[in-house]
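Keeping their order, the protein sequence lines are chains A and B.
The opening position of the first sequence corresponds to residue 18 in my numbering, with each subsequent residue numbered one higher.
The opening position of the second sequence corresponds to residue 18 in my numbering, with each subsequent residue numbered one higher.
C-beta atoms are modelled at their ideal positions from N, C-alpha and C, and glycine is treated no differently.
Each remark here refers to the structure printed beneath this line.
Protein chains: 2
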Amino acid sequence: MINLTVTIKDIAKLAGVSYSTVSKALNNSPLVKEETRRKILDVACEMGYEPNLAAKQLVRKKTDVIGLMWPTIERIVLATLVTNISKAFEKTPYSMILSVDAQETAVDTFRKFQVDGMIVFGESKHMHLYDYTIPFVVYGVSESTQPLYPIIDANHEASMYKAVEHLHQLGHRQITYIGQYDKSDALQIEKVDGYVKAMKKLHLADYIHIVDSNGLNWFDGYSAIDRALESKPTAMIGGSYDLSGGMIRALQEKGFSIPHDISLISYDNIPQMANMEVPMTCIGVPVHLLAEEIVQAIIHQIESPTEEPTVKKLTPTLTIRESTGPSPEPSDS
Amino acid sequence: MINLTVTIKDIAKLAGVSYSTVSKALNNSPLVKEETRRKILDVACEMGYEPNLAAKQLVRKKTDVIGLMWPTIERIVLATLVTNISKAFEKTPYSMILSVDAQETAVDTFRKFQVDGMIVFGESKHMHLYDYTIPFVVYGVSESTQPLYPIIDANHEASMYKAVEHLHQLGHRQITYIGQYDKSDALQIEKVDGYVKAMKKLHLADYIHIVDSNGLNWFDGYSAIDRALESKPTAMIGGSYDLSGGMIRALQEKGFSIPHDISLISYDNIPQMANMEVPMTCIGVPVHLLAEEIVQAIIHQIESPTEEPTVKKLTPTLTIRESTGPSPEPSDS
DNA sequence: TTATTAATTGAAAACGTTATCAAAAGGGAG
DNA sequence: CTCCCTTTTGATAACGTTTTCAATTAATAA
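What follows is the structure, encoded as structure tokens:
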């Protein structure tokens, strides 16, 4: 049982050494003899010692804490990423705290806490985070030119290419895309563009069919199916997790068997994809890798802050499960 | 612009006073003359002074920070509550940090940060949070006997009564309930029980009709409508926000007009209810009040921790919007 | 005036660490 | 046995606050 009232001095007394030696021992300094280190550690453990973060921070001027700004908590899309980032931090000396406040408030809170760095979801045009001196990285912003801050993002174009390519290799030609086509949402547009480019590259330009789901929720996918079926596709790509859930259900209700009659690939590479009504083949950067990269990026930014900011586009993975199979039609194209 | 390198001593030098006086001035101590206080505050403001939390914490042994444990971040139900709690804290001297880790990890993190208190969502049977010395309150646990820790919860039975009563007054008799009936989920069961009790109390026992939605998502509500219509109801009560969204859509697709043909009340009292396809009449504790109560409870718990823990059941509010109206049938019962 | 009290200010200790040196102990070599 | 060098340990000064109590100043009464 941890006891927060035990200090380094108590340990020193019990171990019969000076408290500066205890400090060194606890920080694995090479300056202390192995034997005494062992003894000190034993005593510390026995007393349930837990270092006082505030005291440490006061002298080190470092908190080993990173703040994650997530003002749009109601939009669940990022929840899985957040938990994965949290887990990724466990393997590092850093811990993470989360703020759900508006960006201005959040950055103030983090400054008060003196976090060593920040992770920012999306971009806020009205804020100049780089005016502050806290290192930060941004996730999920499309920016190809020289950025003002380090950006981590998935390579959506490459994702779409992999999806189309996979279906093409299985003999599919009529591959229909269902997703949101909202010009103000750069991320969605990038997916659509990626789909179009990939189809063209694979000489499937004639088969391009984009169905605007008018949203990214379950029911948007469910109700887009009728329009999608107009092109008599043998395969479909769903633009996001929730969307694909609705698509599966609608197809099954109409008597289609997946993947026998129609193959399905979904965007977003999260573990939940394996637990859907039909285990989903999906593309995208696996969310635990994404988390890992984001964590690495911010730590790098903290520890060598001088470098020029770069955009890091992560290579997506195609995760093949049971929702894709060979095209039912003879591929006589 | 805030400058974290400015200390109390810098201010003292510039203001021509001792740094202990500065400390008092900044803490609004009555021991310092108004005139000097003013001057010090001016200097502090001009220099962009921000107190060092670590130093403060070291001597005060208090952080003014409260930790919120929310391990099931993927279940969005509580997101609105979290943002409201966060906002509620803005009016207090406390700030909030969030941990999405498993309870064991979360409590360790919070201990390290030396939070003054914790808010726990739901209960974890395997953990004895009261073994630790940090004050905490629990939200959303049904427990009527003498609890081991302070509990805040909505009065679900009273909620249901208000809902049924409202519909009854509008002349409705056949009031059908759609919700999850999962025996292992105490909260859902409480709602169903509340509905049954209310119907009986209002002499509507013959009209009781419970439709198990087998879940709490949008589509669960959507697809439960057919079964609900079997009893030819003039009114329905939906067990949660998402559920009600699906119910509205299904009813509209079938050509029912709300509230002309069928009245609808939803459980959960969140602002989003006003923005649905049909602005929803709803019951439940308004989420901002709930947040307020939770915040008050943990602060109380911190500041007078000796009292016996109690269960606080909050009185629900019926918020009437456009989804309820008079029964289309003559109320000749 | 001078003594007495009240209002204001300041000096210094404390909070629990880390970090920097100086001091002590140990180990060879001459 | 002494000297020097290496290893290990310990004193002490920070870090930026709050808090306690002593010291000063101002105000009042005698």
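Residue nearest to Ile-242/B within the set Leu-281/B, Lys-217/B, Met-216/B, His-277/B is Leu-281/B (criterion: CA-CA distance). Residue contact with chain A for Arg-128/B: present (Cβ-Cβ distance below 8 angstroms to some residue of chain A).
Any Cβ of chain A closer than 8 angstroms to the Cβ of Glu-67/B would place that residue at the interface, and such an atom is present. Chain order gives the chain A residues near Ser-103/B as Val-117, Asp-118, where near means a beta carbon separation below 7 angstroms. Interface with chain A (8 angstroms Cβ-Cβ cutoff): Gln-197/B is excluded.
In the DSSP assignment, His-305/B falls within the unbroken alpha helix (DSSP H) covering 304-320. Cβ atoms of Gly-256/A and Gln-197/A come within 8 angstroms of each other, at about 6 angstroms.
Assignment of Leu-281/A by DSSP, reduced to helix, strand and coil, places it in the strand class. Among the residues of chain B, none has a CB under 7 angstroms from the CB of Ile-192/A; the nearest is roughly 26 angstroms distant. His-226/B has Thr-193/B as its beta-bridge partners, per DSSP. Annotation: Cβ neighbours of Ser-112/A in chain B (cutoff 7 angstroms, chain order): Thr-126. Arg-266/A has its alpha-carbon roughly 10 angstroms from the corresponding atom of Phe-236/B.
In this chain, the beta strand (DSSP E) harbouring Thr-334/A covers 334-336.
In the three-state scheme derived from DSSP, where H, G and I count as helix and E and B as strand, Leu-187/B is classed as coil.
Within 8 angstroms of the CB of Arg-266/A, the CB atoms of chain B belong to Phe-236, in sequence order along the chain. Here Leu-85/B has Met-113, Leu-115, Ile-136 as same chain residues with Cβ atoms under 6 angstroms from its own Cβ, once five neighbours each way along the sequence are excluded. Per DSSP, the continuous beta strand (DSSP E) segment holding Leu-331/B begins and ends at 328-331. Taking CB atoms only, Val-39/B has no neighbour in chain A less than 8 angstroms away. Cβ neighbours of Ile-57/A within its own chain (closer than 6 angstroms, five residues either side excluded): Ala-32, Val-39, Ala-42.
Not flagged as an interface residue toward chain A: Thr-341/B, since no C-beta distance is shorter than 8 angstroms. A residue is called buried once 16 or more other Cβ atoms fall within 10 Å of its Cβ, and Arg-190/B is buried on that count. Under the Cβ criterion (8 angstroms, minimum of three pairs), the stretch 308-326 of chain A does not count as touching the stretch 283-297 of chain A.
Taking the C-beta atoms as reference points, Lys-214/B is found nearer than 8 angstroms to Glu-174/B. A residue is called buried once 16 or more other Cβ atoms fall within 10 Å of its Cβ, and Asn-286/B is buried on that count. Contact residues of the stretch 69-100 of chain A toward chain B are Leu-70, Ala-71, Ala-72, Gln-74, Leu-75, Ile-90, Glu-91, Ile-93, Ala-96, Thr-97, Val-99, Thr-100 (C-beta to C-beta distance below 7 angstroms). Within chain A, the residues placing a beta-carbon under 9 angstroms from that of Gln-131/B are Leu-21, Asn-69, Leu-70, Ala-71, ordered along the chain.
Cα atoms of Leu-48/B and Leu-260/B: separation of roughly 59 angstroms, rounded to the nearest angstrom.
With respect to Val-228/A, Ala-245/A sits close: the two C-beta atoms are nearer than 8 angstroms. Residue nearest to Ala-71/A within the set Cys-62/A, Phe-130/A, Ala-252/A is Phe-130/A (criterion: CA-CA distance). Per DSSP, the unbroken beta strand (DSSP E) holding Phe-153/B starts and ends at 153-156. Ranking Gly-188/A, Pro-345/A, Ile-90/A, Ala-105/A by CA distance to the CA of Ile-275/A puts Pro-345/A first. A residue is called buried when at least 16 other Cβ atoms come within 10 angstroms of its Cβ; Leu-165/B does not meet this threshold and is exposed.
For Gly-255/B, the enclosing beta strand (DSSP E) covers residues 252-255. Taken through DSSP and simplified to helix, strand or coil, Val-137/B comes out as strand.
In this chain, the beta strand (DSSP E) harbouring Val-82/A covers 82-86. For Ile-57/B, there is no enclosing beta strand (DSSP E); the enclosing alpha helix (DSSP H) covers residues 51-64.
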